[in-house]
Structure formats: C-alpha cells, structure tokens
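Colleague:
Number of protein chains: 4
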Amino acid sequence: MTDNAVRCEAGAARHRFALRIYWEDTDAGGIVYYANYLKFMERARTDLVQRAGVDQRRLLRDDGLMFPVKRCDIEYLRPACLEDEVIVETAVRKVGGASIDLAQDVLRQDELLTKAHVRLACIDRDGRPRRLPVQVKHAFAGMAGGEGSS
Amino acid sequence: MTDNAVRCEAGAARHRFALRIYWEDTDAGGIVYYANYLKFMERARTDLVQRAGVDQRRLLRDDGLMFPVKRCDIEYLRPACLEDEVIVETAVRKVGGASIDLAQDVLRQDELLTKAHVRLACIDRDGRPRRLPVQVKHAFAGMAGGEGSS
Amino acid sequence: MTDNAVRCEAGAARHRFALRIYWEDTDAGGIVYYANYLKFMERARTDLVQRAGVDQRRLLRDDGLMFPVKRCDIEYLRPACLEDEVIVETAVRKVGGASIDLAQDVLRQDELLTKAHVRLACIDRDGRPRRLPVQVKHAFAGMAGGEGSS
Amino acid sequence: MTDNAVRCEAGAARHRFALRIYWEDTDAGGIVYYANYLKFMERARTDLVQRAGVDQRRLLRDDGLMFPVKRCDIEYLRPACLEDEVIVETAVRKVGGASIDLAQDVLRQDELLTKAHVRLACIDRDGRPRRLPVQVKHAFAGMAGGEGSS
Chain A
2 MTDNAVRCEA
12 GAARHRFALR
22 IYWEDTDAGG
32 IVYYANYLKF
42 MERARTDLVQ
52 RAGVDQRRLL
62 RDDGLMFPVK
72 RCDIEYLRPA
82 CLEDEVIVET
92 AVRKVGGASI
102 DLAQDVLRQD
112 ELLTKAHVRL
122 ACIDRDGRPR
132 RLPVQVKHAF
142 AGMAGGEGSS
Chain B
2 MTDNAVRCEA
12 GAARHRFALR
22 IYWEDTDAGG
32 IVYYANYLKF
42 MERARTDLVQ
52 RAGVDQRRLL
62 RDDGLMFPVK
72 RCDIEYLRPA
82 CLEDEVIVET
92 AVRKVGGASI
102 DLAQDVLRQD
112 ELLTKAHVRL
122 ACIDRDGRPR
132 RLPVQVKHAF
142 AGMAGGEGSS
Chain C
2 MTDNAVRCEA
12 GAARHRFALR
22 IYWEDTDAGG
32 IVYYANYLKF
42 MERARTDLVQ
52 RAGVDQRRLL
62 RDDGLMFPVK
72 RCDIEYLRPA
82 CLEDEVIVET
92 AVRKVGGASI
102 DLAQDVLRQD
112 ELLTKAHVRL
122 ACIDRDGRPR
132 RLPVQVKHAF
142 AGMAGGEGSS
Chain D
2 MTDNAVRCEA
12 GAARHRFALR
22 IYWEDTDAGG
32 IVYYANYLKF
42 MERARTDLVQ
52 RAGVDQRRLL
62 RDDGLMFPVK
72 RCDIEYLRPA
82 CLEDEVIVET
92 AVRKVGGASI
102 DLAQDVLRQD
112 ELLTKAHVRL
122 ACIDRDGRPR
132 RLPVQVKHAF
142 AGMAGGEGSS
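Chains as they are written, first to last, in the numbering used here: chain A, 2 to 151; chain B, 2 to 151; chain C, 2 to 151; chain D, 2 to 151.
(1) Is Y38 (chain B) helix, strand or coil by DSSP?
(2) Could you give the DSSP three-state label for D72 (chain B): helix, strand or coil?
(3) When you compare the CB positions of L108 (chain C) and I88 (chain C), do they come within less than 8 Å of one another, or not?
(4) Mind checking whether T91 (chain A) and L49 (chain A) have CB atoms under 8 Å apart?
(5) Specify the secondary structure class of M144 (chain C) as computed by DSSP and reduced to three states.
(6) Apart from the five residues just before and just after C73 (chain C), which ones in its own chain have a Cβ nearer than 7 Å to its Cβ?
(7) Among C:M67, C:M144, C:L66 and C:A81, which has the Cα closest to the Cα of N111 (chain C)?
(8) Name the two residues that bound the continuous alpha helix (DSSP H) containing D106 (chain A).
(9) Please report whether the beta-carbon of L39 (chain A) lies at a distance below 8 Å from any beta-carbon of chain C.
(10) According to DSSP, K138 (chain B) sits in a beta bridge with which residue or residues?
(11) What are the residues in the region 64-85 of chain D lying within 8 Å of chain B by C-beta distance?
(12) So K95 (chain D) packs on D102 (chain D), CB below 8 Å; how close in whole Å?
(13) One question on the structure: do V93 (chain B) and F41 (chain B) come within less than 8 Å of each other, judged by their Cβ atoms?
(14) Chain B partners of T115 (chain A), CB-CB under 7 Å?
(15) Start and end of the alpha helix (DSSP H) containing L61 (chain D)?
(16) Counting contacts by CB-CB distance shorter than 8 Å, is Q57 (chain C) in contact with chain B?
(17) Would D125 (chain A) pass as an interface residue toward chain B - the criterion being a Cβ-Cβ separation below 8 Å?
(18) Start and end of the beta strand (DSSP E) containing A117 (chain A)?
(19) Any beta carbon of chain A sitting closer than 8 Å to that of G97 (chain C)?
(20) Look at the alpha carbon of Y35 (chain A) and the alpha carbon of D26 (chain B), and state the distance between them as a whole number of angstroms.
(21) Put A92 (chain B) into one of helix, strand or coil per three-state DSSP.
(22) Find out if the Cβ-Cβ distance for the pair A122 (chain C), P69 (chain C) is shorter than 8 Å.
(23) Does the beta carbon of E90 (chain B) come closer than 8 Å to any beta carbon on chain C?
(24) Checking the sheet assignment: what are the DSSP bridge partners for L20 (chain B)?
(25) Would you tell me roughly how many angstroms separate the C-alpha atoms of T47 (chain C) and V135 (chain B), rounded to the nearest one?
(26) Is the distance from the Cβ of E84 (chain B) to the Cβ of I22 (chain B) below 8 Å?
Right, here's the structure in full:
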C-alpha cells in the first residue's frame, strides 16, 4: 500500500474516516459480515457531507431530499476482524447534475480490504430524481481536485 | 419444555412465528448476536398484528401512529446458532388503554433460548403518547383469552 | 418487467426466495436501507444450498470452509418499503473451480427493485482460497442448466 | 436530567462513550431502531475493557472465552434521531465471581434516552459458565470505586 501513502502525501483529495470493528459487525465466520462494509462507507459519506456543512436531517425534513445509492460495485479483498481499526477512504470521481460518483476503499493501516465504486443520486420523498442541492454538490466537488484514481 | 407443549395443547392463546438464523444474525462468537433477538421478537409482533388485519404502514402514513417498545426485559438462556430454525412465541399479558404487555419467548424446538417481557406504547410522530387504536387493541386483546403466564 | 416474466416462462433455472420487509430493514428515509439487500441475497443463497442438501454449518465446523462474496455489483432501481413482500431471484451464471457467479434480483411482484451480480469464492479459516467442495459445486451447477424453480 | 448531572458531579465512577447516529441505525419511524441501543451499549463495554488493557480477541482465540449478556432490562424514554451524537454511560453495579452487573444509560447531552441494567457472564466455546478472568474482573472492579475517567 505504498501506493496509498503516496497518494495521500501527494495531496490528492481524499476523505479519511476511521472506525472500529465491534461484535455487531462480525459473523460466525469470525470476520466482518459482507453487507456491513456498506454501512461503513455510508458513515464516511455522512461524515464527509457533515464536515462540509450539509445538514442531511434538515434536507430530509424541510425539502424531502435524500441521496440514495444508485449503484455500488464492491470487491472484497481481505476481511476485517473484531476490534480492528479500519479507515474508509473516499475520493470523488465525478460530480454530475443529479449524481455523484465516488471511490471508497476500506483499509486496515496500509492494507486494502475492500474497494468500491458508489454512485449517489438525489431523490424526493416520492422517489423522483431531483437535481443535487448546490451545497451537497459543493461538498463533494470541493474534494474533486485530486486525480482520484482508485 | 414439556410445559410449553402443554400450554399449546391446552389452547392458551399464543402466537407462534418461525424464522431461520442466517449469517447476518450471528457474530464472531459463532452464535446469534444478542441484539438480534429483539429483531426476531419485533418480526413476530408485526406478523401478529398483520394477521389481525392491522396495517401498520397505513397507521404510520395516515395517522402518524407508531407502537414503540417502552421497555424490554430479556433473559438469555441458551444461544441460537447458524441455520437453526427458531420459534418466537408471543402471549399477551395485559392490554391497557395506551400500552400492551407481552411475554415473548424464543425457542429452538422445545428448548427455551430467550425469555422476554415487552411493553409497547402508542405514540404520534411528535412522540406524544396516544391511546391505542381500537383495531390494534383488538388484535392483541383477541389473544388475551389464555392464562398467558410466562 | 416483461423481460423478467419471459425469462421465467422460458424455464430458465431460477431459485426464488420470498421474504418480508420489517422495521429492522428500513431507515429514516422510510425505505429499505441499501446494505440490507445484501442480507436478503445472502438469505436466498443459504436457502439455495440448503435445499441442495449442503450443510454450511458442518462445512464450517468440520472443514473450516466458508463461501465469502468476493465481489458484488448492485444496482438500486426502486426501493422496497415496510411490510412489502419481496422475492430474491437467483440465477447461476458460471460455476468455476474455485468461484461461482450469480445474478441476483430483488423483485416486488413483477417490479425489479435491485439487480446484482455476485461472485462467491471458497476459503478456509486462514482465508486461503480453496477449491469448491463437490456438493456445493453441484448445488449451483444443478441450477445452471436445469429448471431449478423453488 | 438534574439527576444524571448530579451523579456525574458527585464523581461516581462512570465510563462515557460517544457515538453518532447514522442512517443504518434508524428505521422508517424516523428514529433509532430499538434493538440498536443494545449495539451501542456493547460498543461501550468493548471500549471499557479495551481501555483497561483486556484483549477480547485474544481471550476468544486463545482461551475460548466470551462474555455474553445474560440479561438486559432496558427502558426506552426518548428516541435518538439521525445524526444525533449520543453518549453511553456505563457504571459498574456489582462484580461477582462469574458475572458482572452494569447500569448503562444512553444520553443526548443531558437528556436520558434509554436506561438499562445488563448482566454479563463468562462462558467457554461450549457455552459452559466459567469464572471471570482476573484481568476482566479488574477492568470492571477498577471502575466500581474509581473516579471513572473516559
């Protein structure tokens, strides 16, 4: 994972979010249950928009807007285990008018565990596609300065 | 668990709901994660009110009513494991004006795994206590004919 | 959804697994949380191998074998909601020596909600790749050309 | 919540653990799903023993020891919502030879959301009761009279 370290040092725009693995995250195989990595990636996205000053709760309550995942392509390389500390690294690949493409990796120190491409959309309470609010767009576009490969 | 078999044969009012344990339910200890029994008990309650003709979805959408758990006292006796088929057995202990008391056991065949007492309330979208709708009250009261101890 | 209906009528080998949406599956957006569709797909895979006589629990305990997902590409088309009954439809795309490729759709009646491609591998307790046990291979291969409805 | 504030000021030994509410924690009622508070309480217990130098992972792997919840009595007073930051406050009530009794509250600032009593036991891989390892006993006993920093 020298690669990852280099990408960070080079200042490519990446959001890093740390979390710990608890019993609730594991399964009888002794490792993190595969669906739970999607929870970790969503926590990182929430943190990212929060830090950019976006209030998802208010957007939901006042404007009825939500930002559901439209597609998620995830590759599982190595498992995370109980009490591991992992990092979700998020890079913006593309910010469109009504969708956002992200690369989200989960790492344990410099070891890549999962690798995902995620597309978010914007919808209203009736599920109709809506243009992204400017603040949400900015939250992600502000990060898109890096080369964002993944 | 002869006791349980007898209670059933005697016609005491009990709702029985079967479910299977999947990987998602287990943890690295190789057994069902302790919080997940509360999910199983909630599935059984949903099934119970559905069978009584109550449409929780409509009550939420049209009347803003929900039936949250106000307290849950649960005892863990033996663990359920991957691929076990378990039964949630629900008995009504008391139907009040604004709350319902249930006894909910989880069993694997005739073996008692967990034992819980659950109190449900009725609230509106603002969290204010409301009287139970008649149909919900009837759904549970219809069951309360048995002696229902547990 | 004519497409899907046609595929079924044409006798393509598909495993169908029904499940209900409970409160635990939903989120504050009022719809099923995106990670939970992966749980549904895993329940269907467990049901599929169980019906083929494979005992995952024994394989884990005696041989230390697990069948983790190596990749999952999922597209979210429409959301499932509280109390919906949905069907997970699984078709085998390819059975290799050490991996299995599946197509898994989640439908509400004839409406396609999510669409996924899933690759399973076989590993031992140390995470080393292993060849698929013959019985597991047969469980899936039997579907790849057969009529396989369930 | 003057009560709680007072207890803190009085220097009673309490472990405090902060966490944030994500979409995964909520349900279609717009609030945290009731089973998930048990996850929060377990995260706090893991943090508590970790800080005391106990390695649960090693105890599981080398000695086959686990510390399951034997009973949990939880009262739900007010709901937590999306993006809330909550605190799990843990106090030791009693450390016995083979079990530990805890009081675990979940608070949002000075507002008490849930209130629980939890009993932990020690078992081996076959589910047989075992005496608590000295280090685990000390982790909790150290709190029972200490000043409870976090």
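Glycine included, every Cβ here is placed at the ideal spot set by N, Cα and C.
Modeller: Reading from the atomic positions:
(1) Numbered from its first residue, the second sequence carries residue 38 (chain B) at position 37. It is helical.
(2) The count along the second sequence starts at 1 and reaches residue 72 (chain B) at position 71. The amino acid occupying residue 72 (chain B) in the given sequence is Arg; Asp does not appear at that position. Reduced to three states, the DSSP call for R72 (chain B) is strand.
(3) Start at 1 with the first residue of the third sequence, and residue 108 (chain C) comes out as number 107. Start at 1 with the first residue of the third sequence, and residue 88 (chain C) comes out as number 87. The answer is yes: Cβ separation under 8 Å.
(4) Along the first sequence, read from residue 1 onward, the residue named residue 91 (chain A) stands at position 90. Along the first sequence, read from residue 1 onward, the residue named residue 49 (chain A) stands at position 48. Yes, Cβ-Cβ distance for T91 (chain A) and L49 (chain A) is below 8 Å.
(5) Here residue 144 (chain C) is taken as the residue at index 143 of the third sequence, counted from 1. Helix, per DSSP.
(6) Taking the first residue of the third sequence as position 1, residue 73 (chain C) is located at position 72. So the list reads L39, A117 and V119, once near-sequence residues are dropped.
(7) For this step, residue 111 (chain C) is matched to residue 110 along the third sequence. Reading off the sequence shown, one finds Asp at residue 111 (chain C), where the question assumed Asn. Ranking C:M67, C:M144, C:L66 and C:A81 by Cα distance to D111 (chain C) puts C:A81 first.
(8) Reading the first sequence from its first residue, position 105 is the one you call residue 106 (chain A). First-last for D106 (chain A): S100 to R109, but that is the beta strand (DSSP E), not the alpha helix (DSSP H).
(9) Counted from its first residue, the first sequence places residue 39 (chain A) at position 38. Cβ-Cβ to chain C under 8 Å: yes for L39 (chain A).
(10) As a first step, residue 138 (chain B) must be located in the second sequence, where it is residue number 137. In DSSP, K138 (chain B) forms no bridge with anything.
(11) M67, P69, V70, K71, R72, C73, D74, I75, E76, Y77, R79 and P80
(12) Here residue 95 (chain D) corresponds to residue number 94 of the fourth sequence, with the count starting at 1. Here residue 102 (chain D) corresponds to residue number 101 of the fourth sequence, with the count starting at 1. About 4 Å; that satisfies the 8 Å criterion.
(13) Position 92 of the second sequence holds residue 93 (chain B). Position 40 of the second sequence holds residue 41 (chain B). Contact: no.
(14) Within the first sequence, numbered from 1, the residue matching residue 115 (chain A) stands at position 114. Near T115 (chain A) there are no residues of chain B at all, since even the closest Cβ is about 17 Å away, more than 7 Å.
(15) For this step, residue 61 (chain D) is matched to residue 60 along the fourth sequence. Here the alpha helix (DSSP H) through L61 (chain D) covers Q57 to D64.
(16) Walking along the third sequence from the start, residue 57 (chain C) turns up at place 56. Closer than 8 Å: yes.
(17) In the first sequence, counting from the first residue as 1, residue 125 (chain A) sits at position 124. No, D125 (chain A) does not count as interfacial toward chain B.
(18) Sequence index remark: in the first sequence, residue 117 (chain A) carries index 116 (1-based). Unbroken beta strand (DSSP E) run through A117 (chain A): E112 to A122.
(19) Position 96 of the third sequence holds residue 97 (chain C). Chain A, which has no Cβ nearer than 8 Å to the Cβ of G97 (chain C), makes this no.
(20) Sequence index remark: in the first sequence, residue 35 (chain A) carries index 34 (1-based). Sequence index remark: in the second sequence, residue 26 (chain B) carries index 25 (1-based). If you take the alpha carbons of Y35 (chain A) and D26 (chain B), they lie about 12 Å apart.
(21) Residue mapping note: residue 92 (chain B) aligns to position 91 of the second sequence, counting from 1. Judged by DSSP in its simplified three-state form, A92 (chain B) adopts strand.
(22) Here residue 122 (chain C) refers to the residue found at position 121 of the third sequence. Here residue 69 (chain C) refers to the residue found at position 68 of the third sequence. It is a contact, given that the beta carbons lie within the stated cut-off.
(23) As a first step, residue 90 (chain B) is located in the second sequence; it is residue number 89 there, counting from the start. Not closer than 8 Å to any Cβ of chain C, the Cβ of E90 (chain B) fails to qualify, so no.
(24) Residue numbering aside, residue 20 (chain B) sits at position 19 when the second sequence is read from its first letter. According to DSSP, L20 (chain B) bridges with B:V87.
(25) Taking the first residue of the third sequence as position 1, residue 47 (chain C) is located at position 46. Taking the first residue of the second sequence as position 1, residue 135 (chain B) is located at position 134. Looking at the two C-alpha atoms, the distance is approximately 40 Å.
(26) Here the question's residue 84 (chain B) lines up with position 83 in the second sequence. Here the question's residue 22 (chain B) lines up with position 21 in the second sequence. Closer than 8 Å, so yes.
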